[in-house]
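Take the sequence shown: its position 11, counted from the start at 1, is -7 in our numbering, and no numbers get skipped. Below is one structure, written out as structure tokens; comments come after it.
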Amino acid sequence: IEERKQQFAGESYVLRPLHPADERLLQEFFYSHNKETLLMRYSHHPKQMSREKASALVAVDQARDLAFCLVKRNGPREEIEAVGRYYFVAQNNSAEAAFVVREIHQGKGMAKFLLGEMIEIARKRGVKHMYAYVRAENKPMLRVFAFHNFVRKPNESPREVFLELDIQAVQPSGEQAVA
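Here is the structure:
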């Protein structure tokens, strides 16, 4: 993914890949989240992000998987405002998507934008399906997936919604309800 500027709510951010050097920035981003955001993203309340965990999350094979971020630049300093990633699953040529946005930026369209970028990159790479697991009470996130035409599929857990998108089908994004 090429680095480029993107506007949200009249402010400029930079979309760029996560790099191994982002380990500390990713930890700072993690520690900025409140308990609700952690619960919605990880389905539990992780108390810390170890250096090892941060290192693993930024050491991404970008040719296979995808991990990028929206950063705010203040001179030489960067602050991660949102992260989007997918993990490629070779067995069925699919990708599991996940993303998280800093609380103060939720509702500005960052998640919708990141998911759209992930879908487009996966489509170009020939990935057949993208899927995600979302907590049933996470209505804003369910709306983001609905916007991109993900379909609700049967799932064993009543607390979690399984969503899937046939990436190769021609499906323009739009406001639609997740069935």
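No residue lacks a Cβ here, since even glycine has one placed at the ideal position from N, Cα and C.
Of A114, H1, R55, E78, the smallest CA-CA separation from Q(-11) is found for R55.
Under the DSSP assignment, K90 falls outside any alpha helix (DSSP H); it carries neither an H nor an E label. G66 is classed as buried because its beta carbon has at least 16 other beta carbons within 10 Å across all chains shown.
Taking all protein chains shown into account, S(-6) has fewer than 16 neighbouring C-beta atoms within 10 Å of its C-beta and is therefore exposed.
For A80, the three-state secondary structure derived from DSSP is strand. Annotated three-state conformation of I86 is helix, per DSSP.
Sequence-distant Cβ neighbours of E61 in its own chain, meaning closer than 6 Å and more than five residues away, are K54. Ranked by Cα distance from A45, the first of L52, C51, F70 is F70. R59 and A79 have their C-alpha atoms roughly 28 Å apart. D148 is bridged by DSSP to H111. A3: not part of any beta strand (DSSP E); DSSP gives it neither H nor E. Closest by C-alpha distance to A(-9), out of V109, E102, Q88, A118, is Q88. Note on S139: under 16 other CB atoms within 10 angstroms of its CB, so exposed under the neighbour-count rule. In this structure, the straight-line span from the alpha carbon of M92 to that of S76 is close to 23 Å.
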